[in-house]
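Have a look at the structure below before the remarks.
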Amino acid sequence: MKKTLGILMILVILGSGVLFAAGQKESGLIKVGIVNLPPEESGYRQANVEDMNNVFSVANGYDAKQTNTLDNSEQIAAAKGYIRDGVDYLLISAANASGWDDTLKSAKDAGIQVILFDRAIDTDKANYQAAILSDMAYEGEKAVEWVLSLGLDKINLILIRGQMGSAAEIGRSAAVLDAARKGKLNIVADGTGGDSWSLEEARKVVEAAIAAGKDFNVIYAQNDGMAQGAVQALQAAGISHGKGGKVKIIGFDFNRFALRNVQAGYWDADMQCNPRQAAEISKWIKSGNIPSGIVYQEELLLTTETITDELIAKWGINADPGKGVITR
Amino acid sequence: MHKLTKSFSHLVLPISVMTLLIIINLIKGADYFRITMVNGAFYGNIPNILFGASELVILSIGMTLVTAASRGQDISIGVSATITSAVFVQYVLQAGEVTLLTIVVGFLLSCVVGLFLGAFNGTLVSVFKVQPMVASLILFTGGRSIAFMIDGKLSPILANDISNHIGTVIPGVPIQTPIILTVVFIALVAVLFKTTNLRLYVETVGINPNAARLNGINPKKIIFLTFLIMGICTAVAGFIAVNKAGRHDSVNLLKLIMMDAILAVAIGGNSLIGGKFSITGSIIGAYTIEMLNRTLLRLEIEPATIKVFKAVFIIILMVVSSPVVRVFMKKALDRVRTWRLSLSQPKESALSTTYIAEKEEE
């Protein structure tokens with residue numbers, strides 16, 4: 070009797086254990102490992118990390134772990150750790166485009182789907198499932214298309230580039246240089262804000278153009294900070310700009326202060342560089358339908374006419390100065 | 036007269052470089068010095084240079100002192116300025132309505148933070164005898180993250196009228212405010228040096244700390260003091276920079292400015308291994324760098340190669356002004372002189388001069 074009771078008890082315990090394990094599996098969260106850069110890298114990254122945290126939350130059915138570092142080897146170590154933990158998906162925004170082959174292969178061997186976001190990795194396409202990126206060339210083309218659509222008699226443009234050789238600089242410059250080659254516009258000054266996409270350097274580029282007596286009517290600055298510096302130079306020199314002004318201003322990145330400037334007609338347009346890939350990735354994961362290869366995000370260009378409060382709230386990044394506040 | 040030439044001899048390098056740059060600019064356009072009035076303020080190349088270089092000038096004053104006393108450089112200045120200005124911005128934003136008092140209190144608060152950061156570096160260098168560059172590497176590495184946290188993980192906007200006036204012009208005043216602030220700061224530093232023995236103490240410590248100690252000057256105190264002054268310099272520079280920008284970008288604010296500040300000290304004819312120093316030289320050096328940057332833009336050098344040109348210019352400058360070349364030039368000059376003397380003077384005296392010259396060479 071005692072023996073049968075004992076056996077029964079053991080069976081119950083085992084059974085409940087199995088039941089418990091099964092139950093956990095059913096209500097189980099999707100395990101995701103995220104390897105990203107730290108939020109203090111830029112306003113873009115800050116929005117990116119925040120977005121990842123919001124989307125890959127327990128409430129949305131995810132058990133996500135995140136590592137944010139600028140060091141490529143630390144990133145690789147973190148990715149290897151996630152592979153060992155047996156995550157279901159591994160999301161990577163790499164600090165460095167190279168050195169990832171072995172890690173990606175071991176993820177593949179472990180049956181983990183790798184999705185790259187924001188930054189591409191130099192590796193064979195078979196090593197990852199999908200990549201969701203911003204197409205910098207597309208951003209440039211869209212911005213140049215806007216410049217050409219302004220209906221100016223002759224376009225004399227000041228090009229202010231970002232960090233020379235960066236993916237954003239190459240992509241965003243390409244369209245301008247191409248249009249200049251085709252004679253659609255004229256580049257009167259070609260400068261750079263340097264490695265820090267510096268406001269001060271951009272200001273100097275425009276000041277030098279003014280000092281040289283150059284005539285220009287468009288400023289194409291490859292990020293918002295440099296557009297701000299360029300406008301400061303115009304303000305000091307008493308040259309009109311923005312809506313109804315002589316010089317048309319376009320910036321990039323969708324910082325909320327820049328969008329407010331566009332809204333106020335202080336600038337003319339801003340081109341998006343979307344840091345919010347998380348929702349799209351989550352949609353892929355939930356539907357089980359993950360594309361393969363590189364997918365580019367749709368990105369917006371907003372002008373004084375098309376901008377609205379909702380769009381600023383939804384797509385803007387960084388601090389919002391508030392409606393009607395101009396950041397000079 | 037002799038005394039005058041002697042006291043200005045160290046300024047030969049910065050002034051001659053500046054002259055060279057002015058000549059290049061004048062060739063490029065004869066209206067280089069033209070100043071016009073725009074919206075009630077002076078506008079032109081010179082005001083632009085003075086405006087653009089203001090933070091660099093202030094930081095290079097601090098850098099000169101730190102270099103002279105501690106025989107090393109503080110590479111955390113841009114980062115320190117970012118932290119002090121982050122505190123300033125947070126204070127102003129939390130105050131609600133922005134008045135002049137808010138700005139002044141915020142600035143004084145940022146000066147306290149500057150002093151604290153200076154004390155941190157200063158303690159490491161003076162008490163723990165850490166190399167200045169290594170000591171300041173700590174803040175250099177971690178400081179921007181600290182500023183980012185103070186900012187609340189965003190780039191806060193400083194869009195109020197007073198800040199805008201500080202960053203541009205005060206209505207009714209024809210000179211841009213950063214220029215005025217820089218001049219006031221330079222004047223205060225000048226008063227400090229006229230009324231105290233700071234120069235003597237700093238130079239003594241820089242030349243030989245042990246000798247200074249034996250003469251009753253505490254090298255630790257003096258080195259610590261120079262870092263405190265540097266702290267104030269970073270607070271002032273951060274204040275100007277953030278008001279110019281109108282928002283606090285913890286990632287890029289005054290990034291890499293320590294390179295230009297160190298360069299300004301070097302162009303100013305100062306030795307980077309301490310000792311005698313000239314703040315005037317550093318100030319001229321700072322304005323020269325600003326002028327050089329703008330000259331390269333004026334010459335329309337391609338953006339991809341502009342840094343190379345700057346580097347080449349500076350290398351030539353440093354080689355020309357190096358002690359080796361200086362000694363060589365001096366010898367060459369002496370030889371020319373003796374050769375001339377031998378032509379014009381009787382033979383006996385010519386012989387004796389060459390003899391002396393040869394002896395000097397030995």
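Residue numbers (this note's numbering), protein chains in the order written: chain E, 70 to 397; chain P, 36 to 397. Note that the Cβ used here is the ideal one computed from N, Cα and C, for glycine as well. From a predicted model like this one, the values you see are computed outputs, not experimental measurements.
For residue i versus residue j, is the C-beta spacing smaller than 9 Å?
| i | j | result |
| --- | --- | --- |
| residue 96/P | residue 314/P | yes |
| residue 198/P | residue 127/P | yes |
| residue 295/E | residue 231/E | yes |
| residue 368/E | residue 340/E | yes |
| residue 291/E | residue 242/E | yes |
| residue 275/E | residue 256/E | no |
| residue 280/P | residue 268/E | yes |
| residue 119/E | residue 107/E | no |
| residue 241/P | residue 311/P | yes |
| residue 320/P | residue 309/P | no |
| residue 121/E | residue 135/E | yes |
| residue 308/E | residue 336/E | no |
| residue 149/P | residue 269/P | yes |
| residue 323/P | residue 49/P | yes |
| residue 296/P | residue 94/P | yes |
| residue 87/P | residue 253/E | no |
| residue 56/P | residue 330/P | yes |
| residue 166/P | residue 107/P | yes |
| residue 181/P | residue 118/P | yes |
| residue 221/P | residue 213/P | no |
| residue 227/P | residue 233/P | yes |
Looking at C-alpha atoms only, which residue of the options is the closest neighbour of residue i?
| i | options | result |
| --- | --- | --- |
| residue 151/E | 227/E, 175/E, 165/E | 175/E |
| residue 154/P | 200/P, 323/P, 267/P, 332/P | 267/P |
| residue 127/E | 137/E, 98/E, 147/E, 112/E | 98/E |
| residue 185/P | 120/P, 321/P, 371/P | 120/P |
| residue 291/P | 343/E, 264/E, 293/E, 298/E | 264/E |
| residue 216/P | 278/P, 360/P, 68/P | 278/P |
| residue 342/E | 387/E, 359/E, 378/E | 387/E |
| residue 384/E | 116/E, 163/E, 364/E | 116/E |
| residue 277/E | 258/E, 162/E, 247/E, 382/E | 258/E |
| residue 431/P | 173/P, 113/P, 196/P, 160/P | This structure gives no information on residue 431/P, because the portion of chain P shown stretches from 36 to 397. |
| residue 344/E | 185/E, 229/E, 223/E | 185/E |
| residue 335/P | 51/P, 59/P, 53/P | 59/P |
How many whole angstroms separate the CB atoms of residue i and residue j, which I take to be in contact at a CB cut-off of 8 Å?
| i | j | result |
| --- | --- | --- |
| residue 305/E | residue 203/P | 7 Å |
| residue 64/P | residue 70/P | In fact, because the Cβ distance is near 14 Å, the residues do not count as touching under 8 Å. |
| residue 244/E | residue 213/E | 4 Å |
| residue 203/E | residue 187/E | 7 Å |
What separation, rounded to the nearest whole angstrom, lies between the Cα atoms of residue i and residue j?
| i | j | result |
| --- | --- | --- |
| residue 159/E | residue 124/E | 15 Å |
| residue 395/E | residue 325/E | 11 Å |
| residue 333/P | residue 104/P | 38 Å |
| residue 243/P | residue 98/P | 19 Å |
| residue 320/E | residue 206/E | 15 Å |
| residue 74/P | residue 147/E | 56 Å |
| residue 323/E | residue 205/P | 31 Å |
| residue 354/E | residue 375/E | 33 Å |
| residue 328/P | residue 200/E | 40 Å |
| residue 90/E | residue 331/E | Model confidence at residue 90/E stands at a pLDDT of 47, short of 50, so the residue's coordinates are unreliable; what they give is reported in the following sentence. Going by the C-alpha atoms only, they are around 56 Å apart. |
| residue 194/E | residue 362/E | 7 Å |
| residue 283/E | residue 375/P | 53 Å |
| residue 343/P | residue 230/P | 43 Å |
| residue 183/P | residue 175/P | 13 Å |
| residue 218/P | residue 316/P | 15 Å |
| residue 248/E | residue 211/E | 12 Å |
| residue 339/P | residue 226/E | 18 Å |
| residue 113/E | residue 141/E | 19 Å |
| residue 162/P | residue 257/P | 11 Å |
Contact set between the segment 194 to 213 of chain P and chain E, restricted to residues whose Cβ is under 8 Å from the partner: Those residues of the segment 194 to 213 of chain P that come within reach of chain E (Cβ to Cβ, closer than 8 Å) are 194, 199, 202, 203, 211.
Members of the segment 265 to 296 of chain P that neighbour chain E once the beta carbon cut-off is set at 8 Å: Interface annotation for the segment 265 to 296 of chain P against chain E: 279, 280, 281, 282, 284, 285, 286, 287, 290, 291, criterion Cβ-Cβ distance under 8 Å.
Within 7 Å of chain P by C-beta, residues of the segment 211 to 239 of chain E in sequence order: Against chain P - using a Cβ distance shorter than 7 Å - the residues of the segment 211 to 239 of chain E are 230, 233.
Residues of the segment 301 to 320 of chain E with Cβ closer than 8 Å to any Cβ of chain P, in chain order: Residues 301, 304, 305, 306, 307.
Residues in the segment 170 to 182 of chain P having any Cβ partner in chain E nearer than 8 Å: Residues passing the 8 Å Cβ filter: 179, 180.
Within 7 Å of chain P by C-beta, residues of the segment 271 to 284 of chain E in sequence order: For the segment 271 to 284 of chain E, which is checked against every Cβ of chain P, the residues closer than 7 Å are 273, 274, 276, 277, 280, 281.
Under 9 Å (Cβ pairs) to chain P, residues found in the segment 194 to 212 of chain E: Within the segment 194 to 212 of chain E, contact with chain P at the beta-carbon level (separation under 9 Å) is assigned to no residue.
Interfacial residues, the segment 334 to 366 of chain E to chain P, with Cβ spacing under 9 Å: Residues passing the 9 Å Cβ filter: none.
Near-chain P residues of the segment 115 to 139 of chain E - C-beta to any C-beta below 7 Å: Taking 7 Å as the cut-off between beta carbons, the residues of the segment 115 to 139 of chain E near chain P are 115, in sequence order.
Residues in the segment 371 to 388 of chain E having any Cβ partner in chain P nearer than 8 Å: Of all residues in the segment 371 to 388 of chain E, 387, 388 have a Cβ within less than 8 Å of some Cβ in chain P.
Residues within the segment 317 to 340 of chain P neighbouring chain E, beta-carbon criterion of under 8 Å: In summary, the residues of the segment 317 to 340 of chain P whose CB is separated from some CB of chain E by less than 8 Å are 328, 329, 332, 333, 335, 337, 338, 339, in the order they occur in the chain.
Short-range partners of chain P found in the segment 173 to 193 of chain E, where Cβ spacing is below 8 Å: Listed by position along the chain: nothing, the set is empty.
Near-chain E residues of the segment 82 to 113 of chain P - C-beta to any C-beta below 7 Å: Cβ contacts with chain E: 83, 87.
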